[in-house]
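**Student:** Okay, here's the structure, questions in a sec.
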């Protein structure tokens, strides 16, 4: 990062450019820069950077999940051990876990995260806390006002089915609108 700047004439713009390149790495929580004279003749300058790295993640753990395995949840989580902590990505991972539960029929699920920092090693363990709520299944599908087609014909058009030996009957709200369109 800094090698191309060695030997160049020092200026405020150069100083800001070097700092900008360091910030672009997105490795550091804080960067403190200090410029001092490089020799007695004041012909050079030494720039010292003191950095504080973002904590790195040592583990991702899931708590409160009973109906969906930890392995299945961790497969959809983009944050991995060894990454630097990225709060926006952790929020995206929360939403991904939420969508997984919604797809499996858990309507009242809540997901949150907790970070446990080890100050000594500057590391963090990320916990995703799951409250699964309950699973919603379709008990029956009824139609009213249909004169053109029979109930069985309409049932054949919809994607969501009642719970049976061959179908889980999981209610998925996103499929409800699709089913309405298919019937129309």
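Residue numbers (the working numbering): 123 to 306.
Quick reminder that beta carbons are idealized off the backbone N, C-alpha and C, glycines included.
Fair warning: this is a prediction, and the values are worked out from it, not measured in the lab.
Based on DSSP bridge pairs, tell me the residues matched to residue 213.
**Tutor:** Per DSSP, none; premise fails for residue 213.
**Student:** What are the boundary residues of the beta strand (DSSP E) that residue 159 is part of?
**Tutor:** Segment 150 to 159, the beta strand (DSSP E) holding residue 159.
**Student:** Looking at C-alpha atoms only, which residue of 218, 225, 258 and 267 is the closest neighbour of residue 250?
**Tutor:** If we check each option's Cα against that of residue 250, 218 comes out closest.
**Student:** What residue range does the alpha helix (DSSP H) around residue 274 cover?
**Tutor:** Note, residue 274: alpha helix (DSSP H), 273 to 279.
**Student:** Would DSSP call residue 143 helix, strand or coil?
**Tutor:** If DSSP states are grouped into helix, strand and coil, residue 143 belongs with the helices.
**Student:** Along the chain, where does the alpha helix (DSSP H) containing residue 192 start, and where does it finish?
**Tutor:** Residues 192 to 198.
**Student:** Give the DSSP-derived three-state secondary structure of residue 253 in the structure shown.
**Tutor:** Of the three classes helix, strand and coil, the one that applies to residue 253 here is strand, per DSSP.
**Student:** So, residue 154 versus residue 133, is the Cβ gap smaller than 7 Å?
**Tutor:** Their beta carbons are not under 7 Å apart, which means residue 154 does not touch residue 133 by this criterion.
**Student:** Please report how far the alpha carbon of residue 222 lies from the alpha carbon of residue 211, in whole angstroms.
**Tutor:** Rounded to whole angstroms, residue 222 to residue 211 spans 16 Å at the Cα level.
**Student:** Which residue's Cα is closest to the Cα of residue 167: 189, 200 and 137?
**Tutor:** Comparing Cα-Cα distances from residue 167 to each of 189, 200 and 137, the minimum goes to 137.
**Student:** Note the first and the last residue of the continuous beta strand (DSSP E) segment covering residue 175.
**Tutor:** Segment 167 to 175, the beta strand (DSSP E) holding residue 175.
**Student:** For residue 328, count neighbouring Cβ atoms within 10 angstroms of its own Cβ and tell me buried if that reaches 16, exposed if not.
**Tutor:** The structure shown does not extend to residue 328, since the chain is modelled only from 123 through 306, so no value can be given for it.
**Student:** Starting from the C-beta of residue 262, find all residues in its chain whose C-beta is less than 8 Å away, skip the five residues before and the five after it, and write them out in chain order.
**Tutor:** Around residue 262: 284.
**Student:** With burial defined as no fewer than 16 other Cβ atoms inside 10 Å of the residue's Cβ, what is the status of residue 198: buried or exposed?
**Tutor:** With fewer than 16 other Cβ atoms within 10 Å, it is exposed.
**Student:** Alpha carbon to alpha carbon, how far is residue 274 from residue 302? Give it in angstroms, no decimals.
**Tutor:** Near 15 Å, if we compare the C-alpha coordinates of residue 274 and residue 302.
**Student:** Who pairs with residue 164 in a beta bridge, going by DSSP?
**Tutor:** In DSSP, residue 164 forms no bridge with anything.
**Student:** Alpha carbon to alpha carbon, what distance is there between residue 239 and residue 130?
**Tutor:** Cα to Cα, the separation comes out at about 41 Å.
**Student:** From what residue to what residue does the beta strand (DSSP E) around residue 259 run?
**Tutor:** Per DSSP, residue 259 belongs to no beta strand (DSSP E) and is neither H nor E.
**Student:** Taking the beta strand (DSSP E) that residue 235 falls in, what are its first and last residues?
**Tutor:** From DSSP, the beta strand (DSSP E) with residue 235 extends over 232 to 240.
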